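Enquirer: I have a structure I would like to understand better, so I am pasting it below and will then ask my questions one at a time.
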Amino acid sequence: MMLNRVKKSAGFTLIELLISMLIGAFLVGGIATLFVSSNQTYSSVEQLSRLQENGRFAMAVFDRYLSLAGFDNYYRADRPSGFSTPVRVVGCGGELCSSNGATSDQLSIEYDLPIDNPTAAWEFITCNGTTLNTGSPTRRVIETFSVDANPADDSYVLRCRSFDAETENALGGWADVVDGIRDFQFQLGLKPVAVGAAGATGTPSVTTYANAGQAAAVGDQDTLNERLLSVRIGMVVRAGNTTSNNMENEAVETDYQVLDGPAVSNDSGQIHYIFTETFQLNNAV
13 MMLNRVKKSA GFTLIELLIS MLIGAFLVGG IATLFVSSNQ TYSSVEQLSR
63 LQENGRFAMA VFDRYLSLAG FDNYYRADRP SGFSTPVRVV GCGGELCSSN
113 GATSDQLSIE YDLPIDNPTA AWEFITCNGT TLNTGSPTRR VIETFSVDAN
163 PADDSYVLRC RSFDAETENA LGGWADVVDG IRDFQFQLGL KPVAVGAAGA
213 TGTPSVTTYA NAGQAAAVGD QDTLNERLLS VRIGMVVRAG NTTSNNMENE
263 AVETDYQVLD GPAVSNDSGQ IHYIFTETFQ LNNAV
């Protein structure tokens, strides 16, 4: 007679299954952590890159127009009378004048159109995108820069508007230049009255930096022009213009102060950075 042998069941025990599930959970958790970390790193790099790009572009715009500030075009037989004012501070008002704001400043730059041969066809684009050409009556331009701040919409934009300096008529409306500019300040680099005057010795150089209010106390615009050598620009720039575009940083309140402006508070966790640069005025008196 043959006896049937009982075969043992093959498989995993409950303990083995639980251990396998635990190991799997650890692996999935590790992969998820790695993914989130990589995502945050990419977001950080992207935000910093955008911040640096915005700051550099804004400074490049100021460099372009400050290099023209005070330019008088003697190539034009019909050039306006008098001299252009590098930075308008005294004897002006509203959007045609530099001023210290409660938050950000306003900077107004004036120059003759840099046209070498006015009788030939030419074209020039102002800071707000207005195109001037051979048939345009405008000969001298005012460019005004300020920050359009709207905290309710979490929007901060450096903007510009162009004007005809002779008629003081606007050449179009305000145009956005760069977003993410939380604060904009400027100071004027002034030389002493005596240095550079008739009979004086020494090389003219900046001895003090003054904001618009302090510069206005120097005297009339002509006196200020004689002392003005440079413009110092300072900005507080942030990475994005809406909170949805910013990385999820811990919201620790931090204050940023640029030049002599008021402190800018940041408790949103958004990345902020301060940019400063000093521009020599090529057409200083």
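Heads up: the sequence shown begins at 13 in our numbering, then just goes up one per residue.
Where is the CB? At the ideal position from N, CA and C, for every residue including glycine.
Fair warning: this is a prediction, and the values are worked out from it, not measured in the lab.
For the beta strand (DSSP E) containing Asp191, name the first residue and the last one.
Expert: Counting along the chain, the beta strand (DSSP E) containing Asp191 begins and ends at 187-191.
Enquirer: Taking the alpha-carbon positions, what's the Ala89 to Thr131 distance?
Expert: Taking the straight line from one Cα to the other gives about 10 Å.
Enquirer: Helix, strand or coil, according to DSSP, for Asn253 in the structure here?
Expert: Residue placement at Asn253 is flagged as unreliable, the pLDDT there being 44, under the threshold of 50; the coordinate-derived value follows with that caveat. Residue state, collapsed to three classes: coil.
Enquirer: Mind listing, in chain order, the continuous alpha helix (DSSP H) runs of no fewer than 4 residues lying wholly within the stretch 91-155?
Expert: The qualifying runs do not exist here; there are none.
Enquirer: Rounded to whole angstroms, what's the CA-CA distance from Ala177 to Gly94? Just pull it up for me.
Expert: For Ala177 and Gly94, the distance between alpha carbons rounds to 12 Å.
Enquirer: Checking 8 Å against the spacing of the C-beta atoms, do Val249 and Phe291 come in under that value?
Expert: Not in contact: Val249 and Phe291 (Cβ atoms no closer than 8 Å).
Enquirer: Alpha carbon to alpha carbon, how far is Thr45 from Glu28? Give it in angstroms, no decimals.
Expert: Each residue's alpha carbon lies about 26 Å from the other.
Enquirer: Here's a check: name, in chain order, each residue in its chain whose Cβ is nearer than 7 Å to the Cβ of Leu236, leaving out the five neighbours to either side.
Expert: Cβ neighbours of Leu236 beyond the five flanking positions: Val101, Val102, Ala227, Val230.
Enquirer: Phe198 and Arg151 - do their beta-carbons sit closer together than 8 Å?
Expert: For Arg151 and Phe198, no; Cβs fall outside 8 Å.
Enquirer: Is it the case that the Cβ atoms of Leu170 and Phe196 are separated by a distance below 8 Å?
Expert: For Leu170 and Phe196, yes; Cβs fall inside 8 Å.
Enquirer: Please report the distance separating the alpha-carbon of Leu26 from that of Val48.
Expert: Each residue's Cα considered, the two are about 33 Å apart.
Enquirer: May I ask you to report which of helix, strand or coil DSSP gives Gly36?
Expert: The answer is helix: DSSP assigns Gly36 an H, G or I state.
Enquirer: Which residue's Cα is closest to the Cα of Thr143: Phe74, Thr266, Ala182?
Expert: Ranking the options by Cα distance to Thr143, first place goes to Ala182.
Enquirer: Which residues in the same chain as Asp267 place their Cβ atom closer than 8 Å to its Cβ, once the five residues preceding and following it in sequence are excluded?
Expert: Same-chain partners within the cutoff: Ala275, Val276, Ser277, Asn278.
Enquirer: Look up Ser61 in the DSSP assignment and say whether it is helix, strand or coil.
Expert: In this structure, Ser61 counts as helix in the three-state DSSP scheme.
Enquirer: Quick check on Asn112: buried or exposed, where buried means 16 or more other Cβ atoms within 10 Å of its Cβ?
Expert: Buried, since its Cβ has 16 or more Cβ neighbours within 10 Å.
Enquirer: Could you spell out the range, first to last residue, of the beta strand (DSSP E) harbouring Gln226?
Expert: Careful: Gln226 lies outside any beta strand (DSSP E), inside the alpha helix (DSSP H) at 224-228.
Enquirer: When we look at the beta-carbon of Glu155 and count the other beta-carbons within 10 Å, is it buried (16 or more) or exposed?
Expert: By the 10 Å Cβ count, Glu155 comes out buried.
Enquirer: From Gln8 to Tyr123, what does the alpha carbon distance come to, in whole angstroms?
Expert: Residue coverage of the chain in this structure runs from 13 to 297, which leaves residue 8 outside it and unanswerable.
Enquirer: Helix, strand or coil for Glu238? Go by DSSP, reduced to three states.
Expert: Helix.
Enquirer: According to DSSP, is Glu299 helix, strand or coil?
Expert: Here the chain comprises residues numbered 13 to 297, so residue 299 is not present and cannot be evaluated.
Enquirer: Where Val311 and Pro92 are concerned, what is the direct C-alpha to C-alpha distance, given to the nearest angstrom?
Expert: Outside the modelled stretch of the chain, which goes from 13 to 297, sits residue 311, for which no answer is possible.
Enquirer: Would you mind giving the Cβ-Cβ distance between Thr97 and Gln233, rounded to the nearest angstrom? I have them listed as a contact below 8 Å.
Expert: Going by Cβ atoms, the distance from Thr97 to Gln233 rounds to 6 Å, so yes, they are a contact pair.
Enquirer: Taking Arg171 as part of the beta strand (DSSP E), name the residues at either end of that continuous run.
Expert: First-last of the beta strand (DSSP E) with Arg171: 167-176.
Enquirer: Could you tell me which of Gly225, Tyr285, Ala251, Gln282 sits nearest to Asp272, measuring between CA atoms?
Expert: The shortest Cα separation from Asp272 among Gly225, Tyr285, Ala251, Gln282 belongs to Gly225.
Enquirer: According to DSSP, which residues form a beta bridge with Val248?
Expert: According to DSSP, which records beta bridges pairwise, Val248 is partnered with Asp195, Ile286.
Enquirer: Between Phe83 and Ser217, what straight-line distance do the alpha-carbon atoms span, to the nearest angstrom?
Expert: Distance between the alpha carbons of Phe83 and Ser217 is about 20 Å.
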